[in-house]
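S.K.:
2 protein chains.
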Amino acid sequence: LKQQRDRLQNDHDLNIRLIGLTNSRQRLIQPEGIPLENWEEVLETQGSEADLADFLEQMKALHLPDSVLVDNTASSLVPTFYEGVFEAGISIVTCNKIANSGPYAQYESLKNTARKKGVSFFYETNVGAGLPIVRVLKDLVRTGDRVLKLEAILSGTISYIFNGYQGERTFHDVVQEAQSLGYTEPDPRDDLNGNDFVRKMLILAREVGYSIEAKDVQIDSILPQPCLEAPTIEAFYQELTRAEPHFERLKNEAAAGGKVLRYIGTLEDGQVKISLEAVGSDHPFFPLSGSDNIIAFTTERYRDQSLVVRGPGAGAAVTAAGVFADLLQVCTH
Amino acid sequence: LKQQRDRLQNDHDLNIRLIGLTNSRQRLIQPEGIPLENWEEVLETQGSEADLADFLEQMKALHLPDSVLVDNTASSLVPTFYEGVFEAGISIVTCNKIANSGPYAQYESLKNTARKKGVSFFYETNVGAGLPIVRVLKDLVRTGDRVLKLEAILSGTISYIFNGYQGERTFHDVVQEAQSLGYTEPDPRDDLNGNDFVRKMLILAREVGYSIEAKDVQIDSILPQPCLEAPTIEAFYQELTRAEPHFERLKNEAAAGGKVLRYIGTLEDGQVKISLEAVGSDHPFFPLSGSDNIIAFTTERYRDQSLVVRGPGAGAAVTAAGVFADLLQVCTH
């Protein structure tokens, strides 16, 4: 905001004022605007003890026109307030996936309330961080295209692991490397279980128009049962070593056909499944590298050749950029 | 519009009225709305002789709020009226590249007038038809990212030709096939000369912030001089056969290094060049197929791994979809 202030003012006649700030420790509301130059210091010295409910009530009580709440948390508490925020005529921009990937009824209710109150609800960064995915899908749907199939790799961590599982390296070593680079949760199984991937596929399926729940997603585990059941992380890694012949067999079978392993989420005929697939060089997911995300939209209009978006789908800078782009979108509404 | 009417009304509270229509033969303005069911018939039977200047004057005189002019032509006449349309407080959505790829001063003036009058000017389909390219670039720039490099293949025809120039087939035969499939202009040199590609690169470079003119673009011709100079299409094809050793040498040199030929537009350090390159399997443009377009955005935030968009970048259905998406964007502004 600080860096782009002049440009937004000059090029887009946009003047975005930062009125309130809260983290888990402190909160501050200054209707005249919190200085962008030293907001951290101001929050520290002039803020009072954090209290989310009270913070949001104060925000609503200001009755400022064109207000936007930006939820940059992954907290499950914040989304419980969304409905009330919309009711107060305030838009929401968020990278938080919780609201959109919870029960369908809640998702639907939020959408309806936002529409009823004429406010915006933008969450491009729920899927693939700053990559243009949710908006592309929205545009396809609202211009009347029919989605035939979505195929996606939406876990940077799992992507990194399968892109790196080549040559002489064991699956164990690739997972361990990903962990040492900080790409995984403390327990790598929290990534490898695919739960986050399920949330993202759910959000996309709902955007297409399916009233689908997490339990409807058919997910094939990457990990054999003993790896999942290992009581400690250390034990998990031991089981992973034991499971190497399993992974090696999958890899070699794929390689024999000139293919590579990819953990792919698919939406087709209203069904979402996530499974390990061997794909050949004619498949758009074949040349993936690093921790890239990728998605292929196959629709009535993009039938013979899909629309494909690819790139880093996680990280602070690209997520912040995506949230910022959403915010600018709301501001020009 | 007809097909999506109910959905737009119900889901987005949008009611888009078609007030005026003109093609090169007839024109019609009906402030109460032209029926979407049989507009062709209504234009035919109730329209008067086409007169663009008068049509636009009538449109302005209506002083309707939230008006949008949609220019679906490739005409160089229509853009000469854009400035006046903006002055009248009317937004423009267009797939027409002429205005944005003409003299920079004209481009800048249009942008300034639209901004001054608070109206929208959307032209996503200027580059890659319905693919999300212009908007992605806009979002990167206005959220403060720094574009380090753009690499793109933005000619479906040339893409098709080089993707098909493999194995035993001659360059001549691939070009002839592309022509017989209707992928090229009547004189295939109108595609192969890259002029359309230049226009698209120009638009992207200007979106990044460079005041660049067509003459600043460094373009390497695909075709040897005799092919360019051949007086007839027939003579051109004869020269193309004579030039086969030239193309074959390029192809074989590339193949010897495991590479393929791609005609790539690059923007770097404010310089645009378009040239034939041999790219290896590690390059994102290696696996391109059919008449796909592709673009890779390398920026400060997408530095190690680019943001890549790929898919069909021409055709009536996807272009119409892109224009429609732009129109909806204006309507929610």
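Residue numbers (our numbering), protein chains in the order written: chain A, 2 to 334; chain B, 2 to 334.
Backbone N, C-alpha and C fix where the C-beta goes; we use that ideal spot for every residue, glycine too.
This one's a predicted model, so the numbers in the text were calculated from it and none came from an experiment.
On a CA-only basis, which of A:Val79, A:Asn127, A:Asp146 is nearest leucine 53 (chain A)? Give me that one, please.
M.R.: Residue numbering aside, residue 53 (chain A) sits at position 52 when the first sequence is read from its first letter. Of the listed residues, the one whose Cα sits closest to leucine 53 (chain A) is A:Val79.
S.K.: Please name the residue in A:Ile296, A:Ile234, A:Pro225 whose C-alpha comes closest to that of methionine 202 (chain A).
M.R.: Your numbering for residue 202 (chain A) matches position 201 in the first sequence. Per the Cα distances, A:Ile296.
S.K.: Below 8 Å, how does it come out for the region 233-252 of chain B and the region 153-172 of chain B: are there three or more Cβ pairs, yes or no?
M.R.: They touch, by the three-pair rule.
S.K.: Got a sec? Which residues, its chain only, sit under 6 Å from aspartate 72 (chain B) by beta carbon, not counting five neighbours each side?
M.R.: Position 71 of the second sequence, counted from the first residue, corresponds to residue 72 (chain B). Excluding sequence neighbours, aspartate 72 (chain B) sits near Val79, Thr95, Asn97.
S.K.: Report buried or exposed for proline 189 (chain A), applying the criterion of at least 16 other Cβ atoms within 10 angstroms of its Cβ.
M.R.: What you label residue 189 (chain A) is simply residue 188 of the first sequence in a count that begins at 1. So proline 189 (chain A) counts as buried.
S.K.: Applying a beta-carbon distance threshold of less than 9 Å, which residues of chain B neighbour glycine 90 (chain A)?
M.R.: Translated into the one-based positions of the first sequence, residue 90 (chain A) becomes position 89. Going along chain B, no residue has its Cβ under 9 Å from glycine 90 (chain A), so there is no contact; the nearest lies around 15 Å.
S.K.: Taking 7 Å as the limit between beta carbons, can you name the residues of its chain near leucine 141 (chain B), skipping five residues before and five after?
M.R.: For the purposes of this step, residue 141 (chain B) is identified with residue 140 of the second sequence, where counting begins at 1. So the qualifying residues of the chain are Val148, Phe298, Thr300.
S.K.: Any heavy atom of the ligand ZN closer than 8 Å to the CB of isoleucine 296 (chain B)?
M.R.: As for the ligand ZN, it is missing from this structure, which has no ligand bound.
S.K.: Report the residues of the region 306-325 of chain B with a CB closer than 7 Å to any CB of chain A, ordered along the chain.
M.R.: Per Cβ criterion, the list reads Gln306, Ser307, Leu308, Val309, Val310, Arg311, Gly312, Pro313, Ala318, Val319, Ala322, Phe325.
S.K.: How about glycine 266 (chain B) and leucine 155 (chain B): are their beta carbons less than 9 Å apart?
M.R.: Here the question's residue 266 (chain B) lines up with position 265 in the second sequence. Here the question's residue 155 (chain B) lines up with position 154 in the second sequence. The answer is yes: Cβ separation under 9 Å.
S.K.: Rounded to whole angstroms, what is the Cα-Cα separation between isoleucine 275 (chain B) and glutamine 177 (chain B)?
M.R.: Against the second sequence, residue 275 (chain B) aligns to sequence position 274. Against the second sequence, residue 177 (chain B) aligns to sequence position 176. The straight-line gap from Cα to Cα measures roughly 23 Å.
S.K.: Quick one: what does DSSP say arginine 26 (chain B) is sitting in, helix, strand or coil?
M.R.: Residue numbering aside, residue 26 (chain B) sits at position 25 when the second sequence is read from its first letter. If DSSP states are grouped into helix, strand and coil, arginine 26 (chain B) belongs with coil.
S.K.: Under 9 Å between the Cβ atoms of leucine 277 (chain B) and aspartate 217 (chain B)?
M.R.: As a position in the second sequence, residue 277 (chain B) is number 276, starting the count at 1. As a position in the second sequence, residue 217 (chain B) is number 216, starting the count at 1. No. Outside cutoff.
S.K.: How about leucine 193 (chain B) and isoleucine 234 (chain B): do their beta carbons lie closer than 9 Å?
M.R.: On the second sequence, position 192 is the one that residue 193 (chain B) refers to. On the second sequence, position 233 is the one that residue 234 (chain B) refers to. In this structure, isoleucine 234 (chain B) does not lie closer than 9 Å to leucine 193 (chain B) by Cβ.
S.K.: Between glycine 338 (chain B) and glycine 314 (chain B), which are expected to be in contact by the criterion C-beta below 8 Å, what is the C-beta distance as a whole number of angstroms?
M.R.: An answer regarding residue 338 (chain B) cannot be provided, because it is not within the stretch 2 to 334 covered by chain B.
S.K.: Nearest to serine 92 (chain B) by CA position, among B:Ser121, B:Ser307, B:Glu45, B:Phe286, is which residue?
M.R.: As a first step, residue 92 (chain B) is located in the second sequence; it is residue number 91 there, counting from the start. For serine 92 (chain B), the nearest C-alpha among the options comes from B:Ser121.
S.K.: Going straight from the alpha carbon of valine 86 (chain A) to that of lysine 61 (chain A), what length do you get?
M.R.: For this step, residue 86 (chain A) is matched to residue 85 along the first sequence. For this step, residue 61 (chain A) is matched to residue 60 along the first sequence. The straight-line gap from Cα to Cα measures roughly 7 Å.
S.K.: Just to confirm the assignment: which complete alpha helix (DSSP H) runs, minimum length 4, are found wholly within the region 26-94 of chain A?
M.R.: For the region 26-94 of chain A, whole alpha helix (DSSP H) runs of length 4 or above, ordered along the chain, are 40-47, 53-62, 83-88.
S.K.: With a cut-off of 9 Å, does the C-beta of arginine 136 (chain A) fall near any C-beta of chain B?
M.R.: Your numbering for residue 136 (chain A) matches position 135 in the first sequence. Answer yes: the Cβ-Cβ gap between arginine 136 (chain A) and chain B drops below 9 Å somewhere.
S.K.: Quick check: the Cα distance between phenylalanine 82 (chain A) and aspartate 327 (chain A), rounded to an integer number of angstroms?
M.R.: Locating residue 82 (chain A) in the first sequence gives position 81, where the first residue counts as 1. Locating residue 327 (chain A) in the first sequence gives position 326, where the first residue counts as 1. About 20 Å.
S.K.: How close, in whole Å, do the beta carbons of alanine 51 (chain A) and threonine 23 (chain A) come, if the pair is a contact with beta carbons under 8 Å?
M.R.: Along the first sequence, read from residue 1 onward, the residue named residue 51 (chain A) stands at position 50. Along the first sequence, read from residue 1 onward, the residue named residue 23 (chain A) stands at position 22. Correct: roughly 6 Å between the Cβ atoms.
S.K.: Does DSSP classify serine 160 (chain A) as helix, strand or coil?
M.R.: The residue labelled residue 160 (chain A) in the question sits at position 159 within the first sequence. In the structure shown, serine 160 (chain A) sits in a helix (DSSP, three-state: H, G or I).
S.K.: Tell me the rounded alpha-carbon separation between glycine 351 (chain B) and serine 307 (chain B).
M.R.: The structure shown does not extend to residue 351 (chain B), since chain B spans only 2 to 334, so no value can be given for it.
S.K.: Based on Cα-Cα distance, which residue from A:Pro285, A:Ala279, A:Leu289, A:Asp283 lies nearest to aspartate 283 (chain B)?
M.R.: Looking up residue 283 (chain B) in the second sequence gives position 282. For the residues A:Pro285, A:Ala279, A:Leu289, A:Asp283, the minimum Cα distance to aspartate 283 (chain B) belongs to A:Leu289.
S.K.: Quick check on lysine 216 (chain A): does DSSP put it in helix, strand or coil?
M.R.: Along the first sequence, one-based indexing puts residue 216 (chain A) at 215. Three-state result, lysine 216 (chain A): helix.
S.K.: Measuring only between beta-carbons, confirm whether proline 133 (chain A) sits less than 9 Å from chain B.
M.R.: Taking the first sequence and counting its residues from 1, the one referred to as residue 133 (chain A) is at position 132. Yes, proline 133 (chain A) lies at the interface with chain B (some Cβ there is under 9 Å from its Cβ).
S.K.: If I follow the unbroken beta strand (DSSP E) through glycine 312 (chain B), where does it start and stop?
M.R.: In the second sequence, counting from the first residue as 1, residue 312 (chain B) sits at position 311. Segment 308-313, the beta strand (DSSP E) holding glycine 312 (chain B).
S.K.: Give, in chain order, every residue of the region 264-276 of chain B whose Cβ lies closer than 8 Å to some Cβ of chain A.
M.R.: Per Cβ criterion, the list is empty.
S.K.: Using 9 Å as the limit for Cβ to Cβ distance, is glycine 67 (chain A) near chain B?
M.R.: Stepping through the first sequence from its first residue, residue 67 (chain A) is reached at position 66. The sequence as given places aspartate at residue 67 (chain A); glycine does not occur at that position. Cβ-Cβ to chain B under 9 Å: no for aspartate 67 (chain A).
S.K.: Taking only beta-carbon positions, decide if glutamine 5 (chain A) is within less than 9 Å of chain B.
M.R.: The sequence position of residue 5 (chain A) within the first sequence is 4, counting from 1. Yes, glutamine 5 (chain A) counts as interfacial toward chain B.
S.K.: How is the beta strand (DSSP E) around asparagine 11 (chain A) delimited, first residue to last?
M.R.: As a working mapping, residue 11 (chain A) is identified with position 10 in the first sequence. Run containing asparagine 11 (chain A): none in the beta strand (DSSP E); it sits in the alpha helix (DSSP H), 6-13.
S.K.: Hey, would you say glycine 131 (chain A) sits closer than 9 Å to valine 319 (chain A), going by beta carbons?
M.R.: Along the first sequence, read from residue 1 onward, the residue named residue 131 (chain A) stands at position 130. Along the first sequence, read from residue 1 onward, the residue named residue 319 (chain A) stands at position 318. For glycine 131 (chain A) and valine 319 (chain A), yes; Cβs fall inside 9 Å.
S.K.: Could you pull out every residue in the same chain whose Cβ sits closer than 8 Å to the Cβ of arginine 136 (chain B), ignoring the five residues on either side in sequence?
M.R.: On the second sequence, position 135 is the one that residue 136 (chain B) refers to. Excluding residues within five positions, the ones whose Cβ falls inside 8 Å are Glu125.
S.K.: Bridge partners of threonine 267 (chain B), per DSSP?
M.R.: Looking up residue 267 (chain B) in the second sequence gives position 266. Bridge partners of threonine 267 (chain B): B:Glu152, B:Lys274.
S.K.: Are the beta-carbon atoms belonging to leucine 29 (chain B) and arginine 6 (chain B) less than 9 Å from one another?
M.R.: As a working note, residue 29 (chain B) is residue 28 in the second sequence. As a working note, residue 6 (chain B) is residue 5 in the second sequence. Not a contact, by the Cβ cut-off of 9 Å.
S.K.: Can you tell me which residues form a DSSP beta bridge with asparagine 253 (chain B)?
M.R.: Locating residue 253 (chain B) in the second sequence gives position 252, where the first residue counts as 1. DSSP lists no partner for asparagine 253 (chain B).
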